[in-house]
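Chemist: Per the numbering used here, the sequence shown runs over residues 2 to 401.
Glycine is no exception: its CB is placed at the ideal position from the N, C-alpha and C atoms.
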Amino acid sequence: MKQRILVIGAGFGGMWSALSATRLFDIHGHNDVDVTVLAPQAELRVRPRFYEPNAHQLAAPIGELFDAVGVKFIKGAAETIDVEQKRVGYIDAQGEKQVCIYDKLVLATGSRLALPDTPGVAEYAFDVDQIEQAIRLEAHLKSLVNQPQSQARNTVVVAGGGFTGIETATEMPTRLRDILGEGADIDVIIVDRGDKVGGSMGPEIAEKIAEASEETGVKWQLKASVVAVDENGVTLSDGRRIDAKTVIWTTGVRASSLTEQIPAERDHLGRLHVDAHLQVIGQPDIFATGDVAYAASDDIGNHALMTCQHAIVLGRHAGNNVAAQILGVDPTPYSQPKYVTCLDLGAWGAVYTEGWDRQVKLTRQEGKSLKTQINTVWIYPPAADRKSAWAAADPLIPIA
Ligand SMILES: Cc1cc2nc3c(=O)[nH]c(=O)nc-3n(C[C@H](O)[C@H](O)[C@H](O)COP(=O)(O)OP(=O)(O)OC[C@H]3O[C@@H](n4cnc5c(N)ncnc54)[C@H](O)[C@@H]3O)c2cc1C
């Protein structure tokens, strides 16, 4: 009987796992393994772009690509993982409970914003974590034009001044003016616990964030946190009130809760500890990749972050190594010592940095050109033909 690799999730980690597993089987002329992806949609949802407008366009179909390389696809959402019996329970497209059996499992179910229990957040705050939420925010922004003119209508509060908060906020003045008119008196305010604009990102990049905030008109409320949200705004930890019809929550991402069903060590974000081959430690038949994996990215103590940059490379390694285990060939240890960031700063441009200390290498329009290239080309799925898909899925291709 054919062996079965089940990949749960069709994001960056899952898609690249499936491609790299089929690649290695092809190289070894081995066609006795089923590689199946289980996910709610046969599409790659391009999460790094969800702070942009037109969120409904930010998903790329991958059904043809999977057909081209012989990956089977099951449309459904996994609910249970029985490690002893090697069974995954899922809800299929018709809403029925089903079961899928595996020999080897690759968990690639990503992460989610875990909203805090701060009063009003669940009811009134928006976010840009999943495509549905980004579409909901967009519909809300467009509806503002039908509300009576007021400062609250023209004000957006972004809770959290990290990567997502900064990209969302600096893009917002342009988005709001497109909706409310060029002359609209707009306020975009980031609320952050830190004491320096962009301080959590590192000193060199923080200077650029401050410059871009100034130019785009984004304000920061520092040393503060949002303690309550209501229909008309937020209350801050120091008692101050900001009237705003739009509040966007950006902090508190956690690994998919399916990780909790695997008896293994997890980090404070819920990610499974994996070895250099991305096998979950203590679970020889389970690999974890992308945002659910806590993986050392070099030998000097750094670990992969919950980023697309890491998820793509982790995916290529996890798929390759699960296939290598079945084939009995040498796995390829995961290593990604180069760390870069490319932070979109709205109309100012973007800032590109290298190194864990984020040394600034490109700014403004030069940075923006790179960001556009990354966001519209590099992170998209390869063409739906075997040759290009497998060439792109090689875990040893150099990392830019
Ligand atoms: C607004 C925003 C901006 C970002 N910007 C950047 C950036 O500039 N650079 C960067 O590197 N990273 C960025 N990221 C992070 C990046 O998007 C994630 O790290 C990346 O998407 C992780 O890939 P993944 O495959 O692990 O998870 P995901 O992309 O989340 O994919 C998870 C997959 O699992 C599926 N899934 C989930 N639950 C189940 C289930 N129960 N059953 C079956 N399938 C399931 C989902 O449908 C999806 O197919 C950003 C994220 C956000 C939200």
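Quick check: the segment 23 to 31 against the segment 43 to 50, are at least 3 beta-carbon pairs closer than 8 angstroms?
Modeler: no
Chemist: If you run the structure through DSSP and keep just helix, strand and coil, what is V227?
Modeler: strand
Chemist: Leaving out five residues on either side along the sequence, give the residues of the same chain with a beta carbon under 6 angstroms from the beta carbon of I380.
Modeler: C309
Chemist: Cβ of I9 versus every heavy atom of ligand 1: is any distance shorter than 6 angstroms?
Modeler: yes
Chemist: DSSP puts Q4 in a beta bridge; with which residues?
Modeler: V34
Chemist: Look at the alpha carbon of G121 and the alpha carbon of V227, and state the distance between them as a whole number of angstroms.
Modeler: 10 angstroms
Chemist: Kindly indicate the opening and closing residues of the alpha helix (DSSP H) around R137.
Modeler: I132 to S144
Chemist: Give the secondary structure of P204 by DSSP, where H, G and I count as helix, E and B as strand, and everything else as coil.
Modeler: Secondary structure of P204 (DSSP, three-state): helix.
Chemist: I'd like the span of the alpha helix (DSSP H) that includes L108, first residue to last.
Modeler: Bounds of any alpha helix (DSSP H) do not take in L108; it lies within the beta strand (DSSP E) bounded by K105 to L108.
Chemist: Do A40 and ligand 1 come close, with the Cβ less than 6 angstroms from some heavy atom?
Modeler: yes
Chemist: Considering only heavy atoms of ligand 1, does any lie closer than 6 angstroms to the CB of G111?
Modeler: yes
Chemist: So which of E215, Q284, N322 and G64 has the shortest CA-CA distance to A394?
Modeler: N322
Chemist: Taking the alpha carbon of G96 as the point to measure from, which residue in V107, A109 and E80 has its own alpha carbon closest?
Modeler: Taking the Cα of G96 as reference, the smallest distance to any Cα among V107, A109 and E80 is reached at E80.
Chemist: So, with DSSP's three-state summary, where would you put I9?
Modeler: Per DSSP, reduced to three states, the secondary structure at I9 is strand.
Chemist: State the CB to CB distance for the pair T251 and T165, rounded to an integer number of angstroms; the pair is presumed to be in contact (CB under 8 angstroms).
Modeler: T251 to T165, Cβ: 4 angstroms. Contact.
Chemist: If you pair each beta-carbon of the segment 352 to 365 with each one of the segment 31 to 39, do three or more pairs fall below 8 angstroms?
Modeler: no
Chemist: Please identify the residue among T333, N376 and L371 whose C-alpha is closest to the C-alpha of I398.
Modeler: Ranking the options by Cα distance to I398, first place goes to T333.
Chemist: If you draw a straight line from the alpha carbon of A348 to that of A19, how long is it in whole angstroms?
Modeler: 38 angstroms
Chemist: Contact between the segment 337 to 356 and the segment 365 to 381: three or more CB pairs below 8 angstroms?
Modeler: yes
Chemist: Who are the Cβ neighbours of Q4 in its own chain at under 8 angstroms, not counting the five residues just before and after it?
Modeler: D33, V34, D35, D104, K105 and I327
Chemist: Do A225 and I191 come within 7 angstroms of each other at the CB atom, strictly closer than that value?
Modeler: no
Chemist: Going by C-alpha to C-alpha distance, which of Y91, G271, M2 and G163 sits closest to V8?
Modeler: Y91
Chemist: Leaving out five residues before and five after I136 in sequence, what residues of the same chain have Cβ atoms less than 7 angstroms from its Cβ?
Modeler: A56 and H57
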